[in-house]
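Novice: Protein chains in written order, with this note's numbering: chain A, 73 to 721; chain B, 28 to 106. Cβ coordinates follow ideal geometry from the N, Cα and C atoms, glycine included.
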Amino acid sequence: MESFYFSAGDHDLFAWLHEPAGRQANLGVVVCKPFGFESLCGHLSLRKFAEAAAALGVPALRVDYLGTGDSPEIEPQADQIDIWTRDVVAAVAELRRRTGVERVCLVGVRLGALLAARAARELEGVAGLFVVAPVLNGKRYLTELRTTRLAALMGVPDVVADPRFGGDIEAANPGLMEFTGYPLSAASIATLTPLKITPADTPAGAQWSIVDRADLPLAKDFGASLAAAGVPTGYTALPGFVEMCLVSPQYSVVPLPMVQVLREFLQGLLGAAPLPAGGAERVPKSAIRGEGGAVVSLPGDSADSRLTERPVCFGTEAQLFGIVTEPAQGEANRRAVIFPNTGTDFHMGASRMYVTLARMWARRGYVVLRMDFAGIGDSNTRPGRPDNDLFPPAALDDLRAGLKFIRDRYGVQEVTLCGLCSGGYHSLRAAAAGLDVQRILMVNPQNFFWKEGSPPDEGWKVSEAVRNPGIYRQKVGSLRAWKRLLTGEVSLWRIARVYTLRALLSLELFLRDAARSLHIRLPQDLGWELEDITRRGIHVAFVFSAGELGISLLKLQAGSSLRRLGDRFRMHVIEGADHTFSRSAARSLMAKTLTQELTAGPAVSSTGDTANRSVGDSLRPKEFQLFTGMVHAESTSKNALQRTSSSEY
Amino acid sequence: MSVRVTVQSMFELVAKEQKRQLLPLTDDMLLLNSGLDSLSLALIVARLEDSVGFDPFATIERFPVTFGDFVKLYENHPQ
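Here it is, written out as structure tokens:
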């Protein structure tokens, strides 16, 4: 499969083309992805749909609509629905230009299905529409999105955003709504509200295949109305949509029965005999290609400061994929940032934050690589390893390959690793393992050690042990709480487990601190590791959302070492933010904090040389002082780790 | 089946699907601390619409704070 940018009229788009290894049919597929979180979560499944098509001889193109994934930005007031519909039309033209196919099948998931149906009206040669859990009614879809938004706003305090770092996009654009980190403009909402897919949307000669949700079969009537209108239609309701698009991405599962339905549908369009059931038990990943002339120019702050974005492949054992954002030509200082994956989110990151940060920092002179570990996103999978590996054991090898690539290609002297959640964990592991990095910026890490096979939510047991005793103490005088305990509404066993674990953790903390004072190094000692890392001159910064588990874990596992880390260690707590900074206002504070940590100095390379660093967009001295003043290690306060209000920014 | 039981069953089903640890569903349980995230809650609302035939969230401006408030939205909604 090959990645590239192509021209879609007045803008460029990023796409992947999955070409058949053998003979090519005169039929191609364009995959129309869903919106927002569903697109992040369903990324691997959409890749599998495309690979299954290519395996049948049907070339398939996956496209990122403008303002999504790796494509350039979109104006916040623009009508996304209209632009994205035109993007689907442009993707079909690009598929035809590159492969020569005449007939196309549009594969649409959720909102992508609605876009596909709209685009089909403007296209000729549409042989089929394959839709999964289609959005048939724009108004109902918006109601669902609004409910998600209302739930996400529950109990979240307002924060004062920083407009220089993206700001609060809802406040800045009246009518725009942000849904779990993904915006829809007022114009898009107005366009989407009255939209419905009807049988009349079917292009002449086209067939439909509808894969409905077994848990919420909302497309059944639509399937029946198509059939009644004489349109050749297949309808099936299958389980697996929730696991494909609506779970935390690390739990995402490729819906193989849906892949099989697609194969059978394409076989039907090709006029060949259907494949036997079970033929899609495993969909192999194809070789990946990037680079070549695949670059896109992104507008910078001025006409002569355009950024360049380039898909790249690197690594030897596994084929790894990433996107490099290059600063404008003539940048003298060679500094780079690498973003490892957040969980199993592909390289755009949750709420597309890695794309935003990469472009922001490239404007300040940094070369930025957003990379996928093997088995995640668009990288290939190591033989014998599963896809969607949350903590791949070879992640350090992959990071080493990323570092080598960025140093060899760009002559970089100073490298920062920056990651959210498990991306932070991998950054820490890389520094602890002695990889040649100068800074690690960790956002909301939820664990600092990991044993393969542990459940992903292992850390929450520790969290309960840290937090719950305080809650129990508050309720000890509550008659209602005692009533719930005595009637079995509250589990006595759970409380006992929490207190036992709490006692064990306190004992561990005490023993580790005692061992440290005797200079005895125990295994898995976070405190020793952080002391080692900072002693080697590496700048370490943690950024947490208020209430994050990692805050307690850091205190528990690093213990007294936090007092000895000096000024190369910083920690920040941002109020009003959730784990993935899904609100733009909180995201702007995170971006500001990370940017200031990235450019704070002086940075000293791990070889002991003072790195040459000039900040492209320097902070004003007063502002910087305020910033450093809010930084707090344990040594600066009686309170273990203080909470910093966003208003202090 | 009463509305309360329907709602309760849906919370339990979605929590299991999302591999989330659901706190005991008492009326005073804060939804924020229930163990479910916003996507899970939206999924519950969408499925309940299919099940009970209406969506009380279409017209409200603020999400209910407790599980009891959530149930009342359905119990008090004109059928």
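Along chain A, which residues have their Cβ under 8 Å away from the Cβ of E44 of chain B?
Specialist: Chain A residues near E44 of chain B: V314, E315, V319.
Novice: Looking only at DSSP bridge pairs, what is N209 of chain A linked to?
Specialist: DSSP, once it has assigned bridges, lists A:K268 as partnering N209 of chain A.
Novice: Determine the burial state of E102 of chain B: buried for a count of at least 16 other Cβ atoms within 10 Å of its Cβ, exposed for fewer.
Specialist: Per the 10 Å Cβ criterion, exposed.
Novice: How about T93 of chain B: is its C-beta nearer than 7 Å to some C-beta of chain A?
Specialist: False, the Cβ-Cβ gap to chain A never drops below 7 Å.
Novice: Can you give me the start and stop residues for the alpha helix (DSSP H) that V30 of chain B sits inside?
Specialist: Start and end: 30-44.
Novice: Considering only residues of the same chain and omitting the five flanking positions on each side of A504 of chain A, which have a CB-CB separation below 8 Å?
Specialist: Excluding sequence neighbours, A504 of chain A sits near E601, D604, I605.
Novice: Kindly indicate which residue of A:S369, A:L625, A:V645, A:G415 has the alpha-carbon position closest to the one of F86 of chain A.
Specialist: Nearest C-alpha to F86 of chain A: A:S369.
Novice: Using CA atoms only, rank isn't needed, just tell me which of A:I448, A:R479, A:L558, A:R481 is closest to A466 of chain A.
Specialist: Ranking the options by Cα distance to A466 of chain A, first place goes to A:I448.
Novice: Should H644 of chain A go down as buried or exposed, given a rule of 16 or more other Cβ atoms within 10 Å for buried?
Specialist: Buried, by the Cβ-count rule.
Novice: From the DSSP output, read off the bridge partner residues of F78 of chain A.
Specialist: Per DSSP, A:L85.
Novice: Just to confirm before moving on: does the CB-CB distance between P329 of chain A and S75 of chain A stay below 7 Å?
Specialist: No, these two residues do not count as a Cβ contact at 7 Å.
Novice: Within 10 angstroms of its Cβ, does S550 of chain A collect 16 or more other Cβ (buried), or is it exposed?
Specialist: With fewer than 16 other Cβ atoms within 10 Å, it is exposed.
Novice: Give me the Cα-Cα distance between S656 of chain A and A301 of chain A, rounded to the nearest whole angstrom.
Specialist: Approximately 45 Å between the Cα atoms of the pair.
Novice: Apply the 10 Å Cβ neighbour rule to G277 of chain A and answer buried if 16 or more other Cβ atoms are within range, or exposed otherwise.
Specialist: Its Cβ having fewer than 16 others within 10 Å, G277 of chain A is exposed.
Novice: Give me, in chain order, the residues of the same chain whose beta-carbon lies closer than 6 Å to that of R119 of chain A; leave out the 5 immediate sequence neighbours on both sides.
Specialist: Once the five neighbours on either side are set aside, R119 of chain A has no close Cβ partner at all.
Novice: Against V72 of chain B, what residues of chain A qualify as contacts under a CB-to-CB distance less than 7 Å, listed in chain order?
Specialist: Neighbours of V72 of chain B on chain A, chain order: T219.
Novice: Which bits of chain A does L100 of chain B rub up against, with CB to CB less than 9 Å?
Specialist: Chain A residues near L100 of chain B: none, gap ~11 Å exceeds 9 Å.
Novice: From the beta carbon of L222 of chain A, is the nearest beta carbon of chain D less than 7 Å away?
Specialist: In the structure shown, chain D cannot be found, because the protein chains are A and B.
Novice: Looking at C-alpha atoms only, which residue of A:G114, A:V319, A:K211 is the closest neighbour of L63 of chain B?
Specialist: Nearest option by C-alpha distance: A:V319.
Novice: Report all residues from its chain with a CB closer than 8 Å to the CB of E695 of chain A; omit the five preceding and five following residues, and keep chain order.
Specialist: Residue placement at E695 of chain A cannot be trusted, given a pLDDT of 30 that sits under 50; what the coordinates show is reported in the next sentence. Taken in chain order, the list of residues that qualify is empty.
Novice: List the endpoints of the continuous beta strand (DSSP E) containing L136 of chain A.
Specialist: Contrary to the premise, residue 136 of chain A reads as Asp rather than Leu in this sequence. Taken as a continuous stretch (DSSP letters only), the beta strand (DSSP E) holding D136 of chain A covers 132-136.
Novice: By how many angstroms is the C-alpha of D450 of chain A removed from the C-alpha of T380 of chain A?
Specialist: Rounded to whole angstroms, T380 of chain A to D450 of chain A spans 20 Å at the Cα level.
Novice: With 7 Å set as the bound, which would you pick, yes or no: does the beta-carbon of S78 of chain B sit closer than that to a beta-carbon of chain A?
Specialist: Judged by the 7 Å Cβ criterion, S78 of chain B is not in contact with chain A.
Novice: In this structure, how does DSSP classify G600 of chain A when only helix, strand and coil are distinguished?
Specialist: Note that residue 600 of chain A is Trp in the sequence shown, not Gly. W600 of chain A: helix per DSSP, three-state reduction.
Novice: Find out if the Cβ-Cβ distance for the pair G631 of chain A, D585 of chain A is shorter than 7 Å.
Specialist: Result yes, Cβ atoms of G631 of chain A and D585 of chain A sit closer than 7 Å.
Novice: Is there contact here, the stretch 224-235 of chain A with the stretch 110-129 of chain A, by at least three beta-carbon pairs under 8 Å?
Specialist: Contact between the stretch 224-235 of chain A and the stretch 110-129 of chain A is absent, because fewer than three Cβ pairs lie under 8 Å.
Novice: According to DSSP, is L100 of chain B helix, strand or coil?
Specialist: L100 of chain B falls in the helix class under three-state DSSP.
Novice: Going by beta carbon distance, what residues of the same chain come within less than 6 Å of T305 of chain A, once the five residues before and after it are set aside?
Specialist: Once the five neighbours on either side are set aside, the close Cβ partners of T305 of chain A are W280, G295, L298, A299.
Novice: What do you get for S686 of chain A, buried or exposed, if any count of 16 or more other CB atoms within 10 angstroms of its CB means buried?
Specialist: Reliability fails at S686 of chain A, whose pLDDT of 28 lies under 50, so the model's placement of it is uncertain and no value is given.
Novice: Would you say T215 of chain A faces chain B, with C-beta separation under 7 Å as the test?
Specialist: By this cut-off, T215 of chain A is an interface position.
Novice: Reducing DSSP to helix, strand and coil, say where F94 of chain B ends up.
Specialist: Looking at F94 of chain B - three-state DSSP - the assignment turns out to be helix.
Novice: Taking A296 of chain A as part of the alpha helix (DSSP H), name the residues at either end of that continuous run.
Specialist: Taken as a continuous stretch (DSSP letters only), the alpha helix (DSSP H) holding A296 of chain A covers 292-300.
Novice: If we ignore side chains and look at the alpha-carbon of each, how far apart do L290 of chain A and A205 of chain A end up?
Specialist: Roughly 8 Å between the two C-alpha positions.
Novice: Run through chain B and tell me which residues come within less than 9 Å of V226 of chain A, C-beta to C-beta.
Specialist: In the sequence under discussion, the amino acid at residue 226 of chain A is Met, which differs from the Val named in the question. What M226 of chain A touches in chain B: L57, L58, L59, S65, L68, R89, F90, P91, V92.
Novice: Could you have a look at T488 of chain A and say whether DSSP puts it in helix, strand or coil?
Specialist: Three-state DSSP puts T488 of chain A in a strand.
Novice: Can you list, in chain order, the residues of the stretch 287-302 of chain A whose Cβ is nearer than 9 Å to any Cβ on chain B?
Specialist: For the stretch 287-302 of chain A, which is checked against every Cβ of chain B, the residues closer than 9 Å are D287, L288, P289, L290.
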